[in-house]
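For reference, each letter of the sequence shown is one residue, going 747 to 864 in our numbering.
Every residue gets a Cβ at the ideal spot worked out from N, C-alpha and C, and that includes glycine.
The structure displayed is predicted, hence computed values, not measured ones.
Only one structure is covered here, and it is reproduced in the block below.
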Amino acid sequence: VQLQASGGGLATPGGSLTLSCAPSRSILSFDYMGWYRQAPGKGRELVARVHIGGTTTYGDSVRGRFAISRDGSKDTISLHMNGLKPEDTAVYYCNAEEQSSGYTTTHWGQGTLVTVSS
747 VQLQASGGGL ATPGGSLTLS CAPSRSILSF DYMGWYRQAP GKGRELVARV HIGGTTTYGD
807 SVRGRFAISR DGSKDTISLH MNGLKPEDTA VYYCNAEEQS SGYTTTHWGQ GTLVTVSS
């Protein structure tokens, strides 16, 4: 499985960016799809993810500012980031999970850098 992420770049504080992720097969073939991030010197943390049934989960630091969505026609997921802060600077990774018979298989994209700076 390949996860192709796009949309990273430079934003100013208070600005917006949208990340997109296109898997090599249908987004509906995964139990979860979402985004994690890793800032310099820190561990990887959940940003947002969406269950195949539509339930969304957000990290505490982005809730209310970021929104995850699915586009069935394009077979992609997107992360709409608003109200960006310097602390949102990180490498963002697209993630997909498959759950079967009690086992979880996790797939990762290559990461896209988001820098928030004035």
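Asked, Found
"Can you name, in chain order, every residue of its own chain whose Cβ lies under 7 Å from the Cβ of K831, other than the five neighbours on each side?", "P759 and V862"
"Identify, in the order they occur along the chain, each residue of the same chain with its Cβ nearer than 6 Å to the Cβ of R790, setting aside the five sequence neighbours on each side.", "Y782 and Q784"
"Measuring straight from C-alpha to C-alpha, what distance separates C840 and Y778?", "11 Å"
"Could you tell me the distance, in whole angstroms, from the CA atom of L756 to the CA atom of L765?", "12 Å"
"Roughly how many whole angstroms lie between the Cα atoms of E844 and D806?", "24 Å"
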